[in-house]
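See below for the structure under consideration.
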Amino acid sequence: MKSHVKVAVIGGGVVGCSVLYHLAKLGWTDIALIERSELTSGSTWHAAGGFHTLNSDTNIAALQGYTIRLYKELEELSGQSCGLHHVGGVTLAGTEDRMDYLKAERAKHRYMGLDTHLVTPEEIKKLSPITNVDGVIGGLYDPLDGHLDPSGTTQAYAQCARKLGAEIYLRNPVRELNHRPDGSWDVVTKDGTIHAEHVVNAGGLWARELGEMVGIFLPLHPMEHQYLITEDIPEIYELGKEHPHVMDPEGESYLRQEGRGICIGFYEQACDPWAVNGTPLDFGHELLPNKLDRIGDSMEFAFNRFPVLERAGIKNVINGPFTFAPDGNPLVGPVPGVKNYWSACAVMAGFSQGGGVGLTIAEWMIEGEPTQDVFAMDVARYGDYSSRAYARKKVTENYQRRFTISYPNEELPAARPYQTTPAYSVWKERNAVFGQGYGMEVVNYFALDGEPLHETPSFRRSNAFEAIAQECNAVRTAVGITEVHNFGKYKISGPGAADWLDTIMAGRIPKVGRLSLSPMLSPKGRLIGDFTIARLADQEFQLTASFGAQAYHLRWFWDHQPTEGVHIENVSLDRIGFQIAGPNARDLLAKITTEDVSKEAFSFMSVKQMEVGLSDAIVQRVTYTGDLGYEIYVPATDQIALYEAITNAGVEFGLRPFGMRAMMSLRLEKSFGSWLREYKPDYTAEETGLDRFVSYNKPVDFIGKAAVMKEKAEGPKRRLCTFVVDALDADVWADEPIWKDQKVVGFVTSGGYAHYVQKSVALGFVPTEMIEDGAKFEIEILGEMRPAILITEPLLDPTAMRMRG
Ligand SMILES: Cc1cc2nc3c(=O)[nH]c(=O)nc-3n(C[C@H](O)[C@H](O)[C@H](O)COP(=O)(O)OP(=O)(O)OC[C@H]3O[C@@H](n4cnc5c(N)ncnc54)[C@H](O)[C@@H]3O)c2cc1C
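Reading the sequence shown from the start, the letters are residues -7 to 797 in this note's numbering.
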């Protein structure tokens, strides 16, 4: 065993072996994989080996496509067969909603270059004669679906890595991970200690234990999962070709051919989290006892859908555990706050995702950032709020919903309410309908009298439509109030604060009492944040950005924090309060403060520390609604007093509360983008229009400067634009293809109904040369082509008189 390596990968399942291979492939060969037992000793050996490209996140779907295409390369390089069966697969739709979902997926695949297509019940019957298509409306066929040999594939990764110089140490459990002052690791194993610059936790079923070794909890949990293998079935072996995969979401099952019979697995409702108190260290190549009673209902459904099953004997039942994160996507990347410790965990579909996870880790470690945005599987999408109980409840929910339709407006019920602000009970009394983001309850809208306290999950306009319209109108014609707790907030202070911010932000650093908007860029010039910077004093700033990006942004801040002179504090839960917005907002604020808040004394993009109601508040004159407005921040303890002050004074001004749905509608009228929709690491400042906030001429060499200067000189190939859509009862959500002259030329990032101007709006990217005011396009919404007109000015107040007034 070596005494020093650049990277120690812990865990020899399919994921660890893929990480090892990709590190070596990208040029780091002084690396080793350390495995407790033999390769595949966790969940890998008993997997059903299926693979597919479907994922609601387009970038993860693309990485799944990469994984599937990689297998040929592995076989060639290693000489080891992966046992590939590229048989294709069809997902059935038994309801109109499911068909809508499949249509939306198909539309998305068009610009991703995936060759899926919708199929009729008759076509399904031809593909899979054993399927009873009664009640089936249609399906989605993916020629890339298939299955493989899990052990052979893992060995193929390992052999490829070895060929490139990587080492693998078997039967050697890692017992301790000790951090050295320089951030490197002493990896203490049964066979001795290896010094490693980086460690990768690819511990699969034991990922939680490898997290505990460094004092962290990774939000994942193992779940039991069962599949059955039947005896030979004549309808299968006499088919003359290999039977394709059939996913039957209504029956919560997946099916494929195994030998001369069938393999069928279930994601049942009566599921069990496994090893709640930790994975036993001696758990090895064994299976869990069968629990066929749990899948009784699903089996009955399957007998009806695939009648041959009723006659087939069961040869084998596999019940094994594997791990999930709360949203079912992997946990990948550098763990915030633990230097040089990487997560490659919670990969629940190792044979669809393992290659993509390995590639992502290798690019991130060696090149500094992955090629594409991977936020949907970034370990930093979760924060400190994700407790063990939260993770377990969400993981259970995710397992149960594996085959449930995900509606874009849906709020999932498990582990709620969890984190709340003091205003939660006030909103509840006012009929608030809540959502949850980053563990926090957030008001989506306020139900109208007599309406249910629940938004119907739908791809089309929901029962919340009228309530949201009224909230938007109140903001535009009088004044609205909403919370500001769904911003991440950071206090940056110290003698070095201004200079440091100047380096990590691409925009201008404001003078005392002023605000500025600034993109934060990666070295490659990609957007990793859009911040409002408020300068409260010479050496004190308040930064606000997306609430859900806290761990993501803090990781970046900590990685770039100088050893002295800059103090970083996350005050997201300490400084909360309200935003008031609308033409009456100034008059309302004037009633509850002694400060002069006239236009002259408190101009647009200013910040003041002032008395509001009973509290000392930080007030920023800016609002995302695009109207006259103020964000008022007070200590969490003062929130209710502030609420009383605003609402009592607000009566005469027509004050009305509004939620996030209205906020998202209002911002569309101003063509404002939002984090992870329009602004994310897939895009640049030039492409999104955020270049107007880049300070190209500032002398400092800010991160991403070279890249952004280059792009400015060359001009971007595509740009974010606004479209007015001739929609019917469904507006865009995200990822719909944009067509011109029968060709897909772009894609939608987000959109919806802009209630005040009464137009359906989409934001999305199209090639620069097509951008012209009034240019005609079509956007595919749920399988229908809808005419769309490109507009180059915001629908409301293009000269920003409302905001500045
Ligand atoms: C019944 C069943 C069916 C499935 N079907 C499919 C399917 O059809 N398609 C699909 O893609 N996925 C399927 N899966 C999921 C798949 O098995 C996982 O996605 C995959 O195995 C995860 O691999 P991994 O490398 O992350 O973890 P694991 O396979 O659990 O590997 C972790 C490794 O780390 C080692 N390790 C842990 N701690 C230490 C330590 N301290 N020191 C050294 N080594 C350590 C372990 O010994 C183990 O070998 C299925 C799973 C089950 C249970």
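Note that the Cβ used here is the ideal one computed from N, Cα and C, for glycine as well.
Selected residue, minimal CA-CA separation from residue i, among the options
i: Glu623; options: Gln571, Phe594, Gly651 and Thr87; result: Gln571
i: Ser687; options: Leu509, Leu55, Asn124 and Leu162; result: Leu509
i: Ile287; options: Val268, Gln261, Asn401 and Val300; result: Gln261
i: Val79; options: Gly521, Val425, Asp134 and Phe650; result: Asp134
i: Glu30; options: Arg61, Trp550 and Gly276; result: Gly276
i: Thr680; options: Thr760, Val558, Ile116 and Glu772; result: Thr760
i: Thr714; options: Pro673, Val758, Glu678 and Trp731; result: Val758
i: Gly499; options: Glu561, Asp522, Asp727 and Gly329; result: Asp522
i: Ala439; options: Asn455, His(-4), Gly207 and Trp37; result: Asn455
i: Gly329; options: Gly207, Ala354 and Phe258; result: Gly207
i: Arg154; options: Asp49, Ile306 and Gly4; result: Gly4
i: Phe539; options: Asp608, Ala641 and Trp667; result: Trp667
i: Leu513; options: Asp365, Tyr374 and Lys503; result: Asp365
i: Ala406; options: Gly642, Asn390, Val418 and Phe457; result: Asn390
i: His559; options: Trp492, Ala705 and Val471; result: Trp492
i: Glu670; options: Met795, Lys100, Ser742 and Asn269; result: Ser742
i: Met(-7); options: Gly138, Gln72 and Ala188; result: Ala188
i: Ile763; options: Gly775, Tyr748, Leu323 and Val737; result: Val737
i: Leu110; options: Val125, Leu84, Tyr103 and Ile122; result: Leu84
i: Gln151; options: Met432, Val349 and Lys17; result: Lys17
Euclidean distance between Cα positions of residue i and residue j
i: Ala381; j: Ala294; result: 33 Å
i: Val171; j: Trp177; result: Rather than Val, the amino acid found at residue 171 in this sequence is His. His171 and Trp177: Cα-Cα distance of roughly 5 Å.
i: Pro173; j: Ala490; result: 28 Å
i: Leu12; j: Val467; result: 54 Å
i: Ile256; j: Leu220; result: 5 Å
i: Thr495; j: His477; result: 27 Å
i: Phe664; j: Asp619; result: 12 Å
i: Asp530; j: Arg506; result: 11 Å
i: Leu156; j: Trp20; result: 9 Å
i: Glu587; j: Gly605; result: 11 Å
i: Glu636; j: Ala372; result: 36 Å
i: Pro444; j: Asp551; result: 47 Å
i: Thr146; j: Ile520; result: 34 Å
i: Met701; j: Pro708; result: 11 Å
i: Arg61; j: Thr555; result: 44 Å
i: Gly195; j: Val(-3); result: 19 Å
i: Val717; j: Gln428; result: 29 Å
i: Val180; j: Leu162; result: 14 Å
i: Ala754; j: Arg710; result: 16 Å
Residue range of the alpha helix (DSSP H) that includes residue i
i: Arg653; result: Met652 to Glu661
i: Pro236; result: Pro236 -> no alpha helix (DSSP H), and no H or E assigned at all.
i: Gln542; result: Gln542 to His552
i: Tyr93; result: Glu88 to Met104
i: Cys803; result: Given that the chain is displayed from residue -7 to residue 797, the structure contains no residue 803 and the question cannot be resolved.
i: Ile228; result: Pro226 to Tyr229
i: Ser143; result: Pro142 to Lys155
i: Phe343; result: Gly342 to Glu359
i: Leu202; result: Ala199 to Glu204
i: Ser417; result: Ala415 to Glu421
i: Arg248; result: First-last for Arg248: Ser245 to Glu250, but that is the beta strand (DSSP E), not the alpha helix (DSSP H).
Assigned exposure category for residue i - 16 Cβ within 10 Å defines buried
i: His446; result: exposed
i: Ser752; result: buried
i: Gly766; result: exposed
i: Asn689; result: exposed
i: Glu278; result: exposed
i: Pro236; result: buried
i: Met369; result: buried
i: Thr585; result: buried
i: Ser120; result: buried
i: Gln601; result: exposed
i: Arg613; result: buried
i: Thr629; result: exposed
Extent of the continuous beta strand (DSSP E) run through residue i
i: Ala336; result: Tyr333 to Cys337
i: Thr396; result: Careful: Thr396 lies outside any beta strand (DSSP E) and carries neither H nor E.
i: Asp494; result: Counting along the chain, Asp494 falls outside any beta strand (DSSP E), though it belongs to the alpha helix (DSSP H) covering Ala489 to Ile496.
i: Val435; result: Met432 to Phe438
i: Leu169; result: Val166 to His171
i: Gly130; result: Gly130 to Asp134
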